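Participant:
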Amino acid sequence: MISRYLILLLIIPGAFAFTIAPSTIEYDFVPGGNYQGNICIIGGEGKLFNLELDSNNIIDKINISSEFIPSKYYDCQDYILYSNYFVNERKEYELLLAVKEVNITAESESGIRVITRIAQKIVIDATDAPVREDTPKMGVSIVIIALGIFILALLTLSFIRRKRN
Amino acid sequence: MVKKSQKQQKKRVETQEYAILGILSLAIASIFVFSVFGFNFSGSGLATFNLVVDAATGCTVDQNGALSATGGTENVTVTDVNGATKDGTPILLNNTGNVDLDVQFQSNKAASGLLSGTSPAFLWNFSNNETSSATIAGGFTTWVAVSTGAITPVTSFQFEPATDTIRVDFNVTVPADEPVATKTATITITCSAS
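Structure, rendered in structure tokens:
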């Protein structure tokens, strides 16, 4: 009986003590923009870390290696974020780029496992970003302006031709 | 005959001119509208980089939660199949960086996923281990069921040495009809700057 709950309460933390920097990065949203940043691990020399961007609906993809072994006490990895062209809602988006030490022994243990992740907060100000509902409006604008330019060009062309004749 | 051919050729040239004009107009209009909306098609890194707060984020589990048959604390409680309770030690989380944190918790299993017997319980609560270390959201200071959705019960978790430790207590009830098996659940703690 006792062993049943003893196993259950084996709470295993992923033991580590490292920090990351910078803690927060802020960007202005640019439709289809690229955002360069970096994440530095302090005190994780020689250890294997896993990096993952939490799910969100503003970043299309991130160019970063999912695994990182710092070669020195303060070691950094650069990344590039690629944003979508439209957002669902105009607001300030907060994303987490989380770093987790890969501890194979702890992760294969049974019981209640505790995995600690330390995340860089990426704040993207999309308060003026185009929302998906803007698409028809943009289409209509393009057609109207194109038609105006076309008519203007035709008039200019016919004027030049008349002058020549 | 020659006149007709010349007329047809002239008409063909005009049609081509109109087509080119139309395409150019559409291209100019598109560039104009997209630039008004701030679109970036160049593929170069042109997004504005406003600010880097050069602070270090860090947190670490200072103490395992564990069953302790002789322990006097009441932080990890197990109710066994006979209804007897055993005390243990809580998880202590320490802010090791130099910036205040928000702490997110997520379990991959709730009580019913962890234990298959009748009316299992898998509960947790959150508190300041050192006074005023963090703001604990209402509802999480008492026993609340562990859920699989991400929650952020701890905010403004301070880094100053005297106020930088929070505590997570667990309460597990093993049902009397729980089959013997090794159980596993994973709780992910994510610390990020407030």
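So the protein lines, in turn, are chains A and B.
Each residue of the first sequence is one higher than the last, beginning at 26 in my numbering.
Each residue of the second sequence is one higher than the last, beginning at 11 in my numbering.
The beta-carbon is built from N, C-alpha and C at its ideal position, and this holds for glycine as well.
For clarity, every value in this text was computed on a predicted model and none was experimentally measured.
1) Tell me the rounded alpha-carbon separation between A29 (chain B) and L180 (chain A).
2) Can you tell me the Cα-Cα spacing of A172 (chain B) and S143 (chain B), whole angstroms?
3) Report the option in B:V43, B:C201, B:S45 whose CA atom is closest to the CA atom of I140 (chain A).
4) What is the DSSP secondary structure of D100 (chain A), reduced to helix, strand or coil?
5) With a threshold of 8 Å between beta carbons, is K146 (chain A) in contact with chain B?
6) Excluding sequence positions up to five away, which residues of its chain have a Cβ less than 7 Å from the Cβ of E140 (chain B)?
7) Any idea if G68 (chain B) is buried or exposed, counting beta-carbon neighbours within 10 angstroms, 16 or more meaning buried?
8) Identify each residue in the stretch 25–40 of chain B for which the Cβ-Cβ distance to at least one residue of chain A is less than 8 Å, and report them in chain order.
9) Taking DSSP as the reference, what is the three-state secondary structure of S45 (chain B)?
10) Would you tell me roughly how many angstroms separate the C-alpha atoms of S129 (chain B) and A144 (chain A), rounded to the nearest one?
11) Taking the runs of the alpha helix (DSSP H) that are 4 residues or longer, which of them lie wholly in the stretch 99–175 of chain B?
12) With 8 Å as the threshold, decide whether the Cβ of Q106 (chain B) is near any Cβ in chain A.
13) I want to see whether chain B comes within less than 8 Å of T152 (chain A), judged by CB atoms only; does it?
14) Could you please give the first and the last residue of the uninterrupted beta strand (DSSP E) stretch that includes I94 (chain A)?
15) Is P95 (chain A) close to chain B, meaning its C-beta is less than 8 Å from at least one C-beta of that chain?
16) For W153 (chain B) and N135 (chain B), which I take to be in contact (beta-carbon distance under 8 Å), what is that distance rounded to the nearest angstrom?
17) Under the three-state reduction of DSSP, which class applies to R187 (chain A): helix, strand or coil?
18) Could you list which residues in chain A have their beta carbon closer than 8 Å to that of V43 (chain B), in chain order?
Facilitator: Reading off the structure:
1) 15 Å
2) 8 Å
3) B:C201
4) strand
5) Chain B contact via Cβ: present.
6) A172, T173, D174, T175
7) Buried, since its Cβ has 16 or more Cβ neighbours within 10 Å.
8) So the close ones are E27, Y28, L31, G32, L34, S35, L36, I38, A39, S40.
9) DSSP places S45 (chain B) in helix when its eight states are reduced to three.
10) If you take the alpha carbons of S129 (chain B) and A144 (chain A), they lie about 36 Å apart.
11) List check, alpha helix (DSSP H) in window: 121–124.
12) This sequence places Thr at residue 106 (chain B); Gln is not what is there. At least one chain A Cβ lies under 8 Å of T106 (chain B).
13) no
14) First-last for I94 (chain A): undefined, no H or E at that position.
15) no
16) 5 Å
17) It is helical.
18) M163, S166, I167, I170
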